[in-house]
Amino acid sequence: MKYSDNALNILTAKTFNGIGDAWINKNLSKTKTSPLELIVELLAKSVKKETVSEEIFLQRKSNIEKQILLLGDSCDGVVAIGDEKFPTHRGAVKESEQPNVLFYKGDLGLLSLENTNVAVIGVLTPDEDTEMDERKIVSLLVQQDAVIVSGLAQGCDFIAHDQTLKFGGATVAILPSPLNNIMPVKHREFAQQIFETGGLLITEYYDAPSTKMELSSRYIRRDRLQALFSDIVILSASYTPNSVDPTALKIDSGSRHAMEKSLEYSIPRAVIYHEKYQRNPKYDLNRQVMKDAKVIVIDPTNPMPMITQILNLDKSPSSNQESDDGQMGLF
Numbered sequence: 010m011k012y013s014d015n016a017l018n019i020l021t022a023k024t025f026n027g028i029g030d031a032w033i034n035k036n037l038s039k040t041k042t043s044p045l046e047l048i049v050e051l052l053a054k055s056v057k058k059e060t061v062s063e064e065i066f067l068q069r070k071s072n073i074e075k076q077i078l079l080l081g082d083s084c085d086g087v088v089a090i091g092d093e094k095f096p097t098h099r100g101a102v103k104e105s106e107q108p109n110v111l112f113y114k115g116d117l118g119l120l121s122l123e124n125t126n127v128a129v130i131g132v133l134t135p136d137e138d139t140e141m142d143e144r145k146i147v148s149l150l151v152q153q154d155a156v157i158v159s160g161l162a163q164g165c166d167f168i169a170h171d172q173t174l175k176f177g178g179a180t181v182a183i184l185p186s187p188l189n190n191i192m193p194v195k196h197r198e199f200a201q202q203i204f205e206t207g208g209l210l211i212t213e214y215y216d217a218p219s220t221k222m223e224l225s226s227r228y229i230r231r232d233r234l235q236a237l238f239s240d241i242v243i244l245s246a247s248y249t250p251n252s253v254d255p256t257a258l259k260i261d262s263g264s265r266h267a268m269e270k271s272l273e274y275s276i277p278r279a280v281i282y283h284e285k286y287q288r289n290p291k292y293d294l295n296r297q298v299m300k301d302a303k304v305i306v307i308d309p310t311n312p313m314p315m316i317t318q319i320l321n322l323d324k325s326p327s328s329n330q331e332s333d334d335g336q337m338g339l340f
């Protein structure tokens, strides 16, 4: 497993009270590693209600390294801001939401800005027609060398990954769990297929969530990564929180998080939609998102015009600038 001393330092810093992503991204360099002495000095100025010293820091760092090593072969490595291979996010992302540590298995190069990364997301229980539409569109994207990004959940996420592999493409699965405990359990063997065929698994976590609330939070945090590591987010189908569907055991509206974040980050959005779905509640979110005139609407009966538009999106550096400090394309 590959990891730098810098990555361990950043993970250790995040164990101190009040130290989160915003602090890390504001105080530690994105272009070079920060020495331990500087990190401890900065922490001592910021941390309240607990002591910060090099001795305490090094003890916590040792414990974290032991936990990381327990990941074994499930993880190829860890990268952090300041590391040469840490990937650049797309869009204008505030410091509190920019990733700073990633655990990965597979080809980290798939997150490069040189690729056209397309997130394809949607409901956990798609209809047969929805699946057919999504598979058609994903296959067209893959044939044009797009990298397909999704979250490995059942339903639309799985369809996106699966269709990519069937057409010999590369896919990125972004997880809310550590790499040695992939969720959902039934997709663990499939996750192995992803990295064995040139794809990538990534997560921000090396330990399991301690509560259901923390797990829910991780899913939402995962959804922001789907947006910020993609050049566009495509919604296959999804309910809204207010949807009514007598045939559904549960109203799944989790896709809204990635769609909201893509809007917030100024990352383009698209939906798959045809008028035949006008009475289908599983397309409520699609209809809601379509109210934004900037959203690309992909007609599944004639998808190529919009696929071409997606593949020709402007990817100039100005579209990838950071929102807080005005720096651009640093990683």
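For reference, each letter of the sequence shown is one residue, going 10 to 340 in the numbering used here.
By construction, the Cβ of each residue, glycine as well, lies at the ideal position given by its N, Cα and C atoms.
With a cut-off of 8 Å on Cβ pairs, the region 160–180 is not in contact with the region 214–226, counting fewer than three such pairs.
Fully enclosed alpha helix (DSSP H) runs of no fewer than 4 residues occupy 165–175, 197–205 of the region 143–215, in order along the chain. The three-state reading of DSSP puts Lys54 in helix, counting H, G and I together.
Counted as a single uninterrupted DSSP element, the alpha helix (DSSP H) harbouring Lys221 occupies residues 221–237.
Per DSSP, Lys103 lies in no beta strand (DSSP E) segment and is marked neither H nor E. Between the alpha carbons of Leu20 and Asn72 lies a distance of about 11 Å.
Proximity of the region 234–252 to the region 263–276 meets the contact definition, three or more beta-carbon pairs being nearer than 8 Å. In this structure, the CA atom of Val88 is about 13 Å from the CA atom of Thr40.
Where Arg265 is concerned, the enclosing alpha helix (DSSP H) starts and stops at 264–273. Only buried fits Thr139, as 16 or more other CB atoms lie within 10 angstroms of its CB. In the structure shown, Asn289 falls within a coil segment according to DSSP collapsed to helix, strand and coil. Between the beta-carbon of Ile146 and that of Thr180 there is about 14 Å, and that puts the pair past the 8 Å contact cut.
Residue pairing from DSSP places Lys114 in a beta bridge opposite Leu210. One Cα belongs to Asn124, the other to Gly115, and the distance between them is close to 16 Å. The straight-line gap separating the alpha-carbon atoms of Ala22 and Val102 is approximately 21 Å. With fewer than 16 other Cβ atoms from the protein chains shown falling within 10 Å of its own Cβ, Val194 counts as exposed. In the three-state reduction of the DSSP assignment, Lys35 falls in the helix class.
Sequence-distant Cβ neighbours of Asn295 in its own chain, meaning closer than 8 Å and more than five residues away, are Leu244, Ala246, Ser247, Val280, Ile281, Tyr282, Tyr286. In this structure, the alpha-carbon of Glu50 lies about 23 Å from that of Tyr12. In the same chain as Lys57, and ignoring 5 residues on each side of it, the C-beta atoms closer than 8 Å to its own belong to Asn26, Gly27, in chain order.
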